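J.: Here it is, the structure in full.
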Amino acid sequence: MDDDRVIMARSRTHLVPAVLALANPPWQRDVWLDPEVFEDLGYVLHTLFDDFCDAEHPERYLGIGLRSEEEAVLLRELDRALTVAEDQAPDGSDAEMLRVEGWAEVVAVAGRLAQVMVGNDLGALLVLEEARGAAEA
Numbered sequence: 001m002d003d004d005r006v007i008m009a010r011s012r013t014h015l016v017p018a019v020l021a022l023a024n025p026p027w028q029r030d031v032w033l034d035p036e037v038f039e040d041l042g043y044v045l046h047t048l049f050d051d052f053c054d055a056e057h058p059e060r061y062l063g064i065g066l067r068s069e070e071e072a073v074l075l076r077e078l079d080r081a082l083t084v085a086e087d088q089a090p091d092g093s094d095a096e097m098l099r100v101e102g103w104a105e106v107v108a109v110a111g112r113l114a115q116v117m118v119g120n121d122l123g124a125l126l127v128l129e130e131a132r133g134a135a136e137a
């Protein structure tokens, strides 16, 4: 596998689960609100904004952690929804964030983004499998 595909795969092993966590309210309640568990909203946001992408400027990550312009557009939309929710949560705690009115939009946008990202990953996997099959033939 070439270096670009390895970088993409490594980035997505962090990005996709972070987006899936934002799209899953039961996970958020069960995991983020449990003080015994490592993952919380801050961890997810750090993944999306600092470690593996920049949700404020996602176009810079096309070909690195993002596969398509649609993913970049949805990630920008997710950033806007998160900003609205954060503005509605003065103390910024995870419990408060999950209760604000704007959180429903965060979950909805994250759900759309997760669907696109997983679909794109499955498409890339199919291309790899087809190339491997052609090479073996």
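Under the working numbering, think of the first position of the sequence shown as 1, with each following residue one higher. Glycine included, every Cβ here is placed at the ideal spot set by N, Cα and C. In this text, all values refer to a predicted model and were calculated from it rather than measured experimentally.
By the DSSP assignment, the alpha helix (DSSP H) with Thr83 in it spans what residues?
T.: Sequence index remark: in the sequence shown, residue 83 carries index 83 (1-based). That run of the alpha helix (DSSP H) goes 69-87.
J.: Spatial neighbours of Val84 within its chain, please: CB distance less than 6 Å, with the 5 preceding and 5 following residues excluded, ordered by chain position.
T.: By one-based count along the sequence shown, residue 84 stands at place 84. Taken in chain order, the residues that qualify are Gly102.
J.: Quick one: measure Cβ to Cβ for Leu74 and Arg112, integer angstroms, because I've assumed they're closer than 8 Å.
T.: Locating residue 74 in the sequence shown gives position 74, where the first residue counts as 1. Locating residue 112 in the sequence shown gives position 112, where the first residue counts as 1. Their Cβ separation, rounded to whole angstroms, is 6 Å, which keeps Leu74 and Arg112 in contact under 8 Å.
J.: Is there contact between the segment 7-14 and the segment 51-71, where contact requires at least three CB pairs shorter than 8 Å?
T.: Contact holds: three or more Cβ-Cβ distances are below 8 Å.
J.: Within 10 angstroms of its Cβ, does Phe52 collect 16 or more other Cβ (buried), or is it exposed?
T.: Within the sequence shown, numbered from 1, the residue matching residue 52 stands at position 52. Phe52 is buried by the Cβ-count criterion.
J.: Let me know if Asp79 comes out buried or exposed under the rule of 16 or more other beta-carbons within 10 Å of its beta-carbon.
T.: As a first step, residue 79 must be located in the sequence shown, where it is residue number 79. By the 10 Å Cβ count, Asp79 comes out buried.
J.: Can you tell me where the alpha helix (DSSP H) holding Leu15 begins and where it ends?
T.: The count along the sequence shown starts at 1 and reaches residue 15 at position 15. Leu15 -> alpha helix (DSSP H) spans 3-22.
J.: Taking the straight line between their C-alpha atoms, what separation do you get for Trp27 and Ala114?
T.: Stepping through the sequence shown from its first residue, residue 27 is reached at position 27. Stepping through the sequence shown from its first residue, residue 114 is reached at position 114. Going from the Cα of Trp27 to the Cα of Ala114 covers about 15 Å.
J.: So, helix, strand or coil for Leu143, using DSSP?
T.: Residue 143 is absent from the model: the chain starts at 1 and stops at 137.
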